[in-house]
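Novice: What follows is a structure written as structure tokens; I'll ask about it next.
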Amino acid sequence: MKVLHLNAGNETGGGMVHILSLLNQFNREEFYLGLLEHGTFETKAKEMGVNTLVFGQTSRYDLTVLFKIIQYIKKNKIDIIHTHGARANLYGYFIRMVTKAVWMTTVHSDPRNDFLGRGLKGNLFTKLNLAVLKKPDHYFAISKRFAKMMGDFGVQQNKITTILNGIDFDKKSTNKISYEELKLNPQDFVILMVARFDPVKRHELAILAMEKVLKKYPSAKLLFVGDGPAREPMEALVKKMNLTESVRFLGHRENVEAFYNLCDITLLTSKTESFPLVLLESSKEKTTVITTDVGGVKDMIPNQSFGFVLSDDKVVDISNAIMAAIELKEDGKLKEMGEKFFTFTSQNFSIQSTADSIYQTYTKFVHE
């Protein structure tokens, strides 16, 4: 069996982590990673020893790359092409038409929001993405909610396999970062948000919530780790609200696990997610989370004793949850919540179980 995973290659967030973690579990002789662009994704994959090929797309509108991929599939007798992301899905549609390869895709996000805030072009890409997503031979949904969503789009349930995300809980981090490096005090209550700056992540909700929190708890600090097109307007908002001392933009960081270990809570304010890896990564460091109720969040946080799942995503709800977490820390109970969160996720969301389930699905299709 030969399987080619295909992605644009410009992913540096949860999607990249998911794909690399998955491929790291599989036989190197059976699995290949195809990327359209050079970048961090390529570097990390090669460091892990994953068989990686960059097809060298000069721009997202360079369709000559499609012929390179098709040639590679035919020459190497690829049995399954597994696409990740809107651009890869579009190419998967054409590849399926001219090759014998089975086409599978992982639904990492709500396709209705993939191009949020990008005007008329975004609306056009959204319609194209939704149309293409009805064509694969099989789907992997990373949450029960996303499996239902695909059913609502008209996909037959027997074409959908729900695979809850997982990470390697046995791999221990050696990266450390100190309060001094970030110019923080041990007395500060540190809130971490790891997310690319994209409208769907709604960083503005976190900023507005911080304004309310700081009135009661002036030692609170919000750290943004990530980069993206929406960063500049968010920096402008923080400056306009005079929050520059309390809200900091740290950009893209390689050693994110060190930040989970340092902070008091991890915050997620997304409009949509599938099965947020940032929350699992936070649980690995036994750090409590506050999150909007998106994707498979309630699968990993079954009730409020494991973490804060917001019933609503208004600013006041976020600020109230942060202040409740601060009070738990003052009472010495916040770490207990983080410990309980870790125990539950480590027992239920290992990357090995995720890989085993996906491999079984591959085998079934190849044998048929």
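Residues in the sequence shown are numbered consecutively from 2, following my numbering. Think of the CB as a built atom: it goes at the ideal place given N, C-alpha and C, for glycine as much as any other residue.
#1: Secondary structure at Y94, three-state DSSP: helix, strand or coil?
#2: For H368, count the other beta carbons within 10 Å of its own beta carbon; 16 or more makes it buried, fewer makes it exposed. Which is it?
#3: How should F68 be labelled, buried or exposed, when 16 other C-beta atoms within 10 angstroms of its C-beta is the threshold for buried?
#4: What would DSSP say about I319, mapped onto helix, strand or coil?
#5: List the DSSP bridge partners of A142.
#6: Opposite Y33 in the DSSP bridges: which residues?
#7: Count the other CB atoms, across all protein chains shown, that sit within 10 Å of the CB of N90; report buried if there are 16 or more and exposed otherwise.
#8: Assuming L278 and I168 form a contact by the criterion Cβ under 8 Å, report the distance between their Cβ atoms to the nearest whole angstrom.
#9: Alpha carbons only, please: which of V51, S347, G57 and Q188 is nearest the one belonging to A9?
#10: Between I82 and the rest of its own chain, which residues show a CB-CB distance below 7 Å, the 5 nearest in sequence each way excluded?
#11: Determine the burial state of K222: buried for a count of at least 16 other Cβ atoms within 10 Å of its Cβ, exposed for fewer.
#12: What did DSSP end up calling M194 once you bin it into helix, strand or coil?
#13: Taking DSSP as the reference, what is the three-state secondary structure of S351?
#14: Output the residue ranges of the alpha helix (DSSP H) runs that lie fully inside the segment 277-322 and measure 4 residues or longer, sorted by chain position.
#15: Where does the unbroken beta strand (DSSP E) through Y226 begin, and where does it stop?
#16: Nearest CA to the CA of Y360: which residue from H19, M17 and F27?
#17: Alpha carbon to alpha carbon, how far is D314 from T273? Give it in angstroms, no decimals.
#18: Kindly indicate which three-state DSSP category L185 falls into: helix, strand or coil?
#19: If you draw a straight line from the alpha carbon of T289 to that of M211, how long is it in whole angstroms?
#20: Rounding to the nearest angstrom, what Cα-Cα distance links V51 and L36 in this structure?
#21: Assuming S283 and V214 make a contact with CB atoms under 8 Å, what is their CB distance in whole Å?
#22: Beta carbon of F250, beta carbon of G229: below 8 Å?
#23: Cβ of K177 within 8 Å of Cβ of A259?
#24: Whole angstroms are fine: how far does the CA of N77 sit from the CA of K3?
#25: May I have the straight-line CA-CA distance separating K128 from L269, to the nearest angstrom?
#26: With distance defined between alpha-carbon atoms, name the residue in K330, R254, F366 and E328 nearest to A196.
#27: Leaving out five residues on either side along the sequence, give the residues of the same chain with a beta carbon under 6 Å from the beta carbon of V55.
#28: Leaving out the 5 sequence neighbours to the left and right, which residues in its chain are closer than 6 Å to G407 when beta-carbon positions are compared?
#29: Does the segment 332-347 come into contact with the segment 235-248, if we say contact requires no fewer than three beta-carbon pairs (one atom in each stretch) closer than 8 Å?
#30: Which word fits V99, buried or exposed, when buried means at least 16 other C-beta atoms lie within 10 angstroms of its C-beta?
#31: From the DSSP output, in three-state form, read off V51 for me.
#32: Would you mind sorting G333 into buried or exposed? The rule is 16 or more other CB atoms within 10 Å of its CB.
#33: What's the call for L64, buried or exposed, on a 16-neighbour Cβ count within 10 Å?
Specialist: Inspection of the coordinates gives the following:
#1: helix
#2: exposed
#3: exposed
#4: helix
#5: V108 and T163
#6: L5
#7: buried
#8: 7 Å
#9: G57
#10: L5, L7, I74, G93, I96, A102 and W104
#11: buried
#12: strand
#13: strand
#14: 278-285 and 298-301
#15: The sequence given here places Val at residue 226; Tyr does not occur at that position. Start and end: A221 to V226.
#16: F27
#17: 11 Å
#18: coil
#19: 18 Å
#20: 12 Å
#21: With a Cβ gap of about 19 Å, S283 and V214 do not count as contacting.
#22: no
#23: yes
#24: 8 Å
#25: 27 Å
#26: R254
#27: L36, H39 and E43
#28: Residue 407 is absent from the model: the chain starts at 2 and stops at 369.
#29: no
#30: exposed
#31: coil
#32: exposed
#33: exposed
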